[in-house]
Amino acid sequence: MTTTENYKKGIKITEIDTPSIIVDLNIAQENIKKMQDFANKNDVSMRPHSKTNKSPYWAKKQIEAGAIGICCAKLGEAEMMADGGIKEILIPNQIVTEQKISRLVEVNKKSKVMVAVENKENVDNLSNQFEKNSMKLSVIIEVNVGMDRCGVELDEIVDFAQFIIDKPGLEFEGIMGYEGHTVNIGNFEDRVNETTKAMDKLINAKTILEDNDIAVNIVSASGTGTYNITSKIPGITELQCGSYIFMDGNYLKVFDDFQPALSVLCTVVSRRDNRIVIDCGLKSISMDQGLPEVVYPKGVKLISLSEEHCKCEIEGDVDLKIGDKVFVRPMHSDTTINLHENYFVHRDGVFDEKVEIVGRGKFK
Ligand SMILES: Cc1ncc(COP(=O)(O)O)c(C=O)c1O
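Per the working numbering, the sequence shown runs over residues 654 to 1017.
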């Protein structure tokens, strides 16, 4: 840790070194509360996805607000969250190699882990290793609800569930289906229709299982863009939304139910006439979902990013000189967060604390 990274609480957030991720704590907490209140009102649980925030600091705030646990995309994230004191972890993805399953056994000694399955050979391997360790692993079946990523189809589900139930070392808990193909649909009516179609498939899966005397305790789904659709579908028991905590620039194009809490603080390093260069680049801000935007000051248009330079154009009469600070919002928070070591958390522009992004790079 460098000395320049230690700041006194109470300084202006613009005094910290750049490029840095800054998060307005008041806004993030309002987002957490709004989502949890909505879930409570609609009688579903929150199991927020931590692939966005990658830090026990934020996961604990979500659990304090009422979440029953969290989701982790990767085993490395689950290990980090278990070490950080998070006790209920769903990995809504597949863990398939012997190497990784033995790590899963270790995580399950610290926290209760649940994992998604969709393949019999994988179920066999999970069962063997957990049985050998005299442990039980909770599993849910991933159903393909139309995203065509992972997941079983309806005609396989009874046979597959029975296969799991007959295996030692496993506890069958229910089903999940992620409607990732509908979360960003711009027109609300279209989003409702496509999400309802996807969730009909998931609820059908539940009905088919129950008709075959297989109990389904958990029906898990939803991203930020579908929280207010999926939560209202009878039978859904929990939501996996994650991006709402900071809100992505891209999601803000679709709806503004949650407020943007995160930006990258940058410094002007060059100015010639209307062209300025700021000190973020592809190594400190992502553009997998499009070019980031300058949110402050107004009247600065982001043109292009290279590794360590960001070229912008000043539109009109903006007073910016070398050394001045600029706030930039990425279109996709998750991939930007993965590039940084710390969050610099502030309240209304006043620095509060530095928070380590412990899950940065934990993609194994
Ligand atoms: C399985 C799963 N659940 C939930 C989410 C959360 O979605 P969002 O970031 O839109 O909240 C994702 C996002 O990739 C996901 O892959």
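Where is the CB? At the ideal position from N, CA and C, for every residue including glycine.
- ALA681: member of the alpha helix (DSSP H) spanning 678 to 694, first to last residue.
- Note on geometry: alpha-carbon atoms of VAL776 and SER764 lie some 20 Å from one another.
- Distance from the Cα of HIS834 is smallest, within the candidate group GLU847, ASN840, VAL917 and ILE828, for GLU847.
- In the structure shown, the three-state DSSP call for ARG756 is helix.
- Between the segment 943 to 950 and the segment 975 to 989, the count of C-beta pairs closer than 8 Å reaches three or more; the two stretches touch.
- Boundaries of the beta strand (DSSP E) around GLU966: 963 to 967.
- Checking the DSSP bridge columns, you'll see PHE911 has no partner listed.
- Placement of the Cβ of THR920 at a distance of 8 Å or more from every heavy atom of ligand 1 is found.
- Checking the 8 Å criterion, the Cβ of THR705 is within range of a heavy atom belonging to ligand 1.
- The C-alpha of VAL697 lies about 14 Å from the C-alpha of ILE716.
- Membership of ARG844 in any beta strand (DSSP E) is not indicated; the residue belongs instead to the alpha helix (DSSP H) covering 841 to 864.
- With contacts defined by Cβ atoms closer than 9 Å, ILE956 and LEU992 do not form a contacting pair.
- In the three-state reduction of the DSSP assignment, THR920 falls in the strand class, which pools E and B.
- Apart from sequence neighbours up to five positions away, the residues of its chain that approach TYR897 with a beta-carbon distance below 6 Å are ASN684, MET688, THR877 and PHE911, ordered along the chain.
- In the displayed model, VAL805 falls within a strand according to three-state DSSP.
- Bridge pairing for ALA769: ILE793 [DSSP].
- With three or more CB-CB distances shorter than 8 Å, the segment 818 to 836 counts as touching the segment 869 to 883.
- In chain order, CYS725, ALA731 and VAL768 place their CB closer than 6 Å to the CB of ILE744, counting only its own chain and leaving out the 5 sequence neighbours on each side.
- In the DSSP assignment, GLU732 forms no beta bridge with any residue.
- Secondary structure at TYR880: helix, using DSSP grouped into helix, strand and coil.
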